[in-house]
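Encoded as structure tokens, the structure appears first; notes follow it.
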Amino acid sequence: MTSRPAAPPLPAYRRKLFWVALLYFSEGLPLGVFYDIFPVYFRQQGVNLADIGLLSLLGLAWTVKFLWAPAIDWARHHRWWIAGANFGMAAVMALFAGSPGVGPWVWVAIGAFTMLSATNDIATDGYTIELLDKREYGMANGFRIGFYRVGMLTAGAVLMLSGWFGWTLAYLLGAAVFLLNGGVVLLAPREQPRARVAPGGAAREFRLLRDQPLWVGALALVLLGLLWPVLPPVARAAGWDGLNAVAGTWWFRGALPVGLMFAGAGLMVQAARGPRAELMREGPVFGAWVELLSRRGMLSVLLFILLFKLGDAAMGFMVKPFWVDSGFSSEKIGLVSVNVGLALSIAGGLVGGWYVDRAGIFKGLWVLGLWQALSNLGYALAAWYVPRVLPGADGIVHPVDVALHHQAAVYAASALESFTGGLGTGAFLAFLMAITHRAKATTEYAILSSIFAFSRAVAGWAGGIGAQEMGYAGYFFLTFWLSFPAYLLLPRVRRMLEHQDRNPI
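In structure tokens, the structure reads:
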């Protein structure tokens, strides 16, 4: 008769849970700042929608963070990486507090912010995995998810404070929170020493890369696309007149970096199926890519992942500017759109998970995906019904007293979008978990999530152009139709799920 594993000593276990809570709070806060605070701030400063959409491309750092994760794992000292990243993000927030308005520098600053946040994510995940024993994962995962959400809610609270006390104080408060996170994490338990480089690990993999031009070219294109959005402000600051002539065009600022990253992804697909791909199958960085792309029908499934939440993602980055242009104050946006919306999305995710457990993943995808698409019509109707507030003489959009019936329309659209977005996410995450290889579940799930994050960033950029050219109502109506191309791939998805059921991996 086997005995159950002994429970960890209670005081030590509680200390670990405290550190897990703090670490994942510091993961959720930057995401909330990027997706909830920056779009509102930019729109209130009179930045046009196309430029706000371009901001979304700077979020691509979260998509490709796996590229420098092995370097952090090799260097170790995760606590110092986490602290340094938080101190860096505090400096960015302080820079915003001390430099009101939006100049060319903000693109470089936000690009640095997202890179620091992605680095913080890598170091936090690595440290947490080493901190916990396997028998402690259950409760710790609950703390991870819960306090990640608390971090996002804190960003909503900072947004609310900006409406009461102004942006300078709000940004200073955000900087103080990041500083506190960084300082406290240095008190966390030290990591256990271990060998830096395992045989056949990342060092061997990168040596193999040098001899494979397709991989080198793919990585170069992806990194160039990632850094491209900061090139126009650098060109303006440096006085490069030739580049300045085209730096403001939509194709140079957005289409070119997206095209570079798609080209890099295409080369990566070719490289993963090349004659020397087998040599990299066990590598810690690209091995999971090779494994995924070698499976039959996986390209169609990856395309489905790109498209399933396209309608939701295409609208998402324009929702906060729509609230601003409808006359809502920062405190109302923070309270309703961010904090209440986050609570409803969590509820939707729980209901979506419950439905998938009973109806199955395939039915959950198409039924809950339909509800997710229908919610976009709610915002389209609200945008058609609610009048738009124009910027004042200073070029800044100021809050107004929004009529109660207009408030009701926007609040209803927000509630519907948040809840049904959670429904779709519940089915989508279940699908991602179902198609991963159990032996490489963490790595493959991270890659599949990165593909979705790439889609979200690109859709946010295109959304800025679409909303500016078509208006909110017309563009939100278009995003409803963008939800359906993924349905053309559902037969392939069904075959993949059936194959997984017959041949579990």
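Counting with this note's numbering, you get residues -19 to 485 for the letters of the sequence shown.
Built from N, CA and C at the ideal position, the CB exists for glycine as well.
*CB contact flag (Tyr365, Ala389, <7 Å)*: In the sequence shown, residue 365 corresponds to position 385, counting from 1. In the sequence shown, residue 389 corresponds to position 409, counting from 1. Yes; because the gap between Cβ atoms is below 7 Å, this pair is in contact.
*Count the C-beta pairs between the region 47 to 62 and the region 100 to 116 that are closer than 8 Å, then say yes if the count reaches three, no if not.*
yes
*Exposed or buried, which one is Met476 when buried takes at least 16 other CB atoms within 10 Å?*
As a first step, residue 476 must be located in the sequence shown, where it is residue number 496. Buried: at least 16 other Cβ atoms inside 10 Å.
*Using 8 Å as the threshold, is the region 14 to 26 in touch with the region 303 to 313, meaning 3 or more CB pairs across them?*
yes
_Thr148 - containing alpha helix (DSSP H), residue span_ = Residue numbering aside, residue 148 sits at position 168 when the sequence shown is read from its first letter. Membership of Thr148 in the alpha helix (DSSP H) is indicated by the continuous run 147 to 165.
*Straight-line CA distance for Val499 to Leu11?*
Residue 499 lies beyond the range of the chain shown here (-19 to 485); nothing can be said about it.
*Output the distance between the C-alpha atoms of Ala453 and Asp292, rounded to the nearest integer angstrom.*
Numbered from its first residue, the sequence shown carries residue 453 at position 473. Numbered from its first residue, the sequence shown carries residue 292 at position 312. Rounded to whole angstroms, Ala453 to Asp292 spans 15 Å at the Cα level.
*asked:* So the candidates are Ala442, Gly340, Trp42, Leu279; which of them puts its Cα closest to the Cα of Asp101?
replied: Along the sequence shown, read from residue 1 onward, the residue named residue 101 stands at position 121. Comparing Cα positions, the closest option is Trp42.
*asked:* If I measure Cβ to Cβ from Leu(-3) and keep anything under 6 Å in the same chain, skipping five residues before and after, which residues do I get?
replied: Taking the first residue of the sequence shown as position 1, residue -3 is located at position 17. The residues are Phe123.
*For Asp191 and Met132, the rounded distance between their alpha carbons*: For the purposes of this step, residue 132 is taken as residue 152 along the sequence shown, with counting starting at 1. For the purposes of this step, residue 191 is taken as residue 211 along the sequence shown, with counting starting at 1. In this structure, the CA atom of Met132 is about 43 Å from the CA atom of Asp191.
*Length of the line joining the Cα atoms of Leu357 and Ala74*: For this step, residue 357 is matched to residue 377 along the sequence shown. For this step, residue 74 is matched to residue 94 along the sequence shown. Here the C-alpha atom of Leu357 lies approximately 39 Å from the C-alpha atom of Ala74.
*Which residues in the same chain as Leu283 place their Cβ atom closer than 7 Å to its Cβ, once the five residues preceding and following it in sequence are excluded?*
Mapped onto the sequence shown, residue 283 falls at position 303. The answer, listed in chain order, is Leu469.
*With Asp337 as the anchor, note down where its alpha helix (DSSP H) starts and where it stops.*
Against the sequence shown, residue 337 aligns to sequence position 357. Run containing Asp337: 321 to 339, per the alpha helix (DSSP H) assignment.
_Inter-residue CB distance, Ser142 and Ser310 (contact presumed, cutoff 8 Å)_ = Locating residue 142 in the sequence shown gives position 162, counting from the first residue. Locating residue 310 in the sequence shown gives position 330, counting from the first residue. A Cβ-Cβ distance of about 5 Å is found for the pair Ser142 and Ser310, placing them in contact under the 8 Å criterion.
*Straight-line CA distance for Ala351 to Val196?*
Residue numbering aside, residue 351 sits at position 371 when the sequence shown is read from its first letter. Residue numbering aside, residue 196 sits at position 216 when the sequence shown is read from its first letter. It is worth fixing the name first, because residue 351 is Trp in this sequence and not Ala. Each residue's alpha carbon lies about 42 Å from the other.
_Helix, strand or coil for Phe411? Go by DSSP, reduced to three states._
Here residue 411 corresponds to residue number 431 of the sequence shown, with the count starting at 1. Looking at Phe411 - three-state DSSP - the assignment turns out to be helix.
*Leu477 - DSSP class collapsed to helix/strand/coil*: Locating residue 477 in the sequence shown gives position 497, where the first residue counts as 1. Residue state for Leu477 is assigned as helix, using DSSP reduced to three classes.
*asked:* Alpha carbons only, please: which of Ala1, Val0, Ala30, Val130 is nearest the one belonging to Ile445?
replied: Numbered from its first residue, the sequence shown carries residue 445 at position 465. For the residues Ala1, Val0, Ala30, Val130, the minimum Cα distance to Ile445 belongs to Ala30.
*Could you check which residue in Leu370, Phe399, Lys289, Leu287 has the C-alpha nearest to that of Ala323?*
As a working mapping, residue 323 is identified with position 343 in the sequence shown. The residue with the shortest Cα to Cα distance from Ala323 is Phe399.
*Which term fits Gln448, buried or exposed, when burial requires 16 or more other beta carbons within 10 angstroms of its beta carbon?*
Locating residue 448 in the sequence shown gives position 468, where the first residue counts as 1. That one is buried.
*Whole-angstrom distance between Ala200 and Gly180, CA atom to CA atom*: The residue labelled residue 180 in the question sits at position 200 within the sequence shown. The residue labelled residue 200 in the question sits at position 220 within the sequence shown. Because Gly180 carries a pLDDT of 48, less than 50, the predicted location of this residue cannot be relied on, and the following value inherits that uncertainty. Roughly 24 Å between the two C-alpha positions.
*Are Ser435 and Leu279 touching if we call contact CB-CB under 7 Å?*
Reading the sequence shown from its first residue, position 455 is the one you call residue 435. Reading the sequence shown from its first residue, position 299 is the one you call residue 279. It is not a contact, given that the beta carbons lie outside the stated cut-off.
*Where Ala373 and Trp85 are concerned, what is the direct C-alpha to C-alpha distance, given to the nearest angstrom?*
Along the sequence shown, one-based indexing puts residue 373 at 393. Along the sequence shown, one-based indexing puts residue 85 at 105. Answer to the nearest angstrom: the Cα atoms are 24 Å apart.
*Given a cut-off of 7 Å, decide if Gly39 and Thr94 are closer than it, judged by their beta-carbon atoms.*
Walking along the sequence shown from the start, residue 94 turns up at place 114. Walking along the sequence shown from the start, residue 39 turns up at place 59. A contact, by the Cβ cut-off of 7 Å.
*Using the beta-carbon count (16 or more within 10 Å), is Trp(-1) buried or exposed?*
Taking the first residue of the sequence shown as position 1, residue -1 is located at position 19. By the 10 Å Cβ count, Trp(-1) comes out buried.
_Buried or exposed, going by whether 16 or more other CB atoms sit within 10 Å of the CB of Glu478?_
Along the sequence shown, one-based indexing puts residue 478 at 498. That one is exposed.
_Can you check which of these residues, Tyr359, Ala168, Leu112, Leu194, is closest to Tyr455 by C-alpha distance?_
Here residue 455 refers to the residue found at position 475 of the sequence shown. Taking only the C-alpha atoms, the option nearest Tyr455 is Tyr359.
*asked:* Closer than 8 Å is the cut-off here; do at least three beta carbon pairs connect the region 328 to 347 with the region 405 to 419?
replied: The region 328 to 347, when compared against the region 405 to 419, does touch it at the 8 Å Cβ threshold.
*For Leu348 versus Gly332, is the C-beta distance shorter than 7 Å?*
Counting from 1 along the sequence shown, the entry for residue 348 is found at position 368. Counting from 1 along the sequence shown, the entry for residue 332 is found at position 352. Yes, the Cβ-Cβ distance between Leu348 and Gly332 is below 7 Å.
*For the alpha helix (DSSP H) that contains His57, what are its first and last residues?*
What you label residue 57 is simply residue 77 of the sequence shown in a count that begins at 1. Note, His57: premise wrong, no alpha helix (DSSP H); not H, not E.
*Residue environment, Met145, which counts as buried when at least 16 other CB atoms sit within 10 Å*: Within the sequence shown, numbered from 1, the residue matching residue 145 stands at position 165. The sequence given here has Phe at residue 145, not Met. It is exposed - the Cβ of Phe145 has fewer than 16 other Cβ atoms within 10 Å.
*Got a sec: is the Cβ-Cβ distance from Phe434 to anything in chain D below 7 Å?*
In summary, chain D is missing from the structure at hand, where a single protein chain is found.
*Nonlocal neighbours in the same chain, by C-beta distance under 6 Å from Val438, ignoring five residues either side*: Within the sequence shown, the letter at position 458 stands for residue 438. Excluding positions up to five away in sequence, the list reads Val238.
*Pro89 to Ser97, Cα distance in whole Å?*
Indexing the sequence shown from 1 puts residue 89 at position 109. Indexing the sequence shown from 1 puts residue 97 at position 117. The sequence shown places Ala at residue 89, not Pro. Rounded to whole angstroms, Ala89 to Ser97 spans 12 Å at the Cα level.
*For my contact list, Tyr151 and Ala77 are in at a C-beta cut-off of 8 Å; report their separation, rounded to the angstrom.*
One-based indexing of the sequence shown puts residue 151 at position 171. One-based indexing of the sequence shown puts residue 77 at position 97. Indeed they touch by this definition, with Cβ atoms about 4 Å apart.
*Is Gly205 closer than 7 Å to Leu240 when the C-beta atoms are compared?*
Working through the sequence shown from its first residue, we reach residue 240 at position 260. Working through the sequence shown from its first residue, we reach residue 205 at position 225. Taking a C-beta distance under 7 Å as the contact criterion, Leu240 and Gly205 qualify as a contact pair.
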